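**Student:** Before I ask anything, let me first share the structure, which is written out below as structure tokens.
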Amino acid sequence: MAHPKRKISKTRRDKRRTHYKLTAPGLAQCPTTGEFHLPHRAYWLDGKLYHKGQVIMEKEVLA
Numbered sequence: 001m002a003h004p005k006r007k008i009s010k011t012r013r014d015k016r017r018t019h020y021k022l023t024a025p026g027l028a029q030c031p032t033t034g035e036f037h038l039p040h041r042a043y044w045l046d047g048k049l050y051h052k053g054q055v056i057m058e059k060e061v062l063a
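According to our numbering, the sequence shown holds residues 1 to 63 in order.
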């Protein structure tokens with residue numbers, strides 16, 4: 001089993017990890033409602049399910 005010949009310092013380890021970054025998710029804006037959502041995904045707004053600017057489904061109210 002391989003093992004390092006010398007200890008890697010904290011500075012050297014952290015320099016290697018500088019490229020591991022989080023990116024903000026790309027958001028699309030609905031032309032109908034103006035709501036921001038993930039692209040190519042349906043989303044709920046005020047009890048209605050929207051996709052491509054059209055209402056797909058309405059939430060049922062249980063009595």
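Positions of the beta carbon are idealized from the N, C-alpha and C atoms, including for glycine.
Computed from a prediction, not measured in an experiment: that's the story for all the values here.
1) Can you round the beta-carbon distance between leucine 37 and cysteine 30 to whole angstroms, since I take them to be within the 8 Å contact cut?
2) Rounded to the nearest angstrom, what separates alanine 42 and lysine 48 at their Cα positions?
3) Hey, could you find the ends of the alpha helix (DSSP H) lysine 10 is sitting in?
4) So threonine 32 packs on tyrosine 50, CB below 8 Å; how close in whole Å?
5) Let's see if you can read the secondary structure: which residues bound the beta strand (DSSP E) around leucine 45?
**Tutor:** Considering the structure as presented:
1) Within the sequence shown, the letter at position 37 stands for residue 37. Within the sequence shown, the letter at position 30 stands for residue 30. For clarity, residue 37 is histidine in the given sequence; the question names leucine instead. Indeed they touch by this definition, with Cβ atoms about 6 Å apart.
2) The residue labelled residue 42 in the question sits at position 42 within the sequence shown. The residue labelled residue 48 in the question sits at position 48 within the sequence shown. Distance between the alpha carbons of alanine 42 and lysine 48 is about 10 Å.
3) By 1-based counting over the sequence shown, the position of residue 10 is 10. 10–16 is the span of the alpha helix (DSSP H), which, as asked, contains lysine 10.
4) On the sequence shown, residue 32 is found 32 positions in, with the first residue counted as 1. On the sequence shown, residue 50 is found 50 positions in, with the first residue counted as 1. About 7 Å separates the two Cβ atoms, so the contact holds.
5) The count along the sequence shown starts at 1 and reaches residue 45 at position 45. It spans 43–45 - the beta strand (DSSP E) in which leucine 45 sits, taken as one unbroken run.
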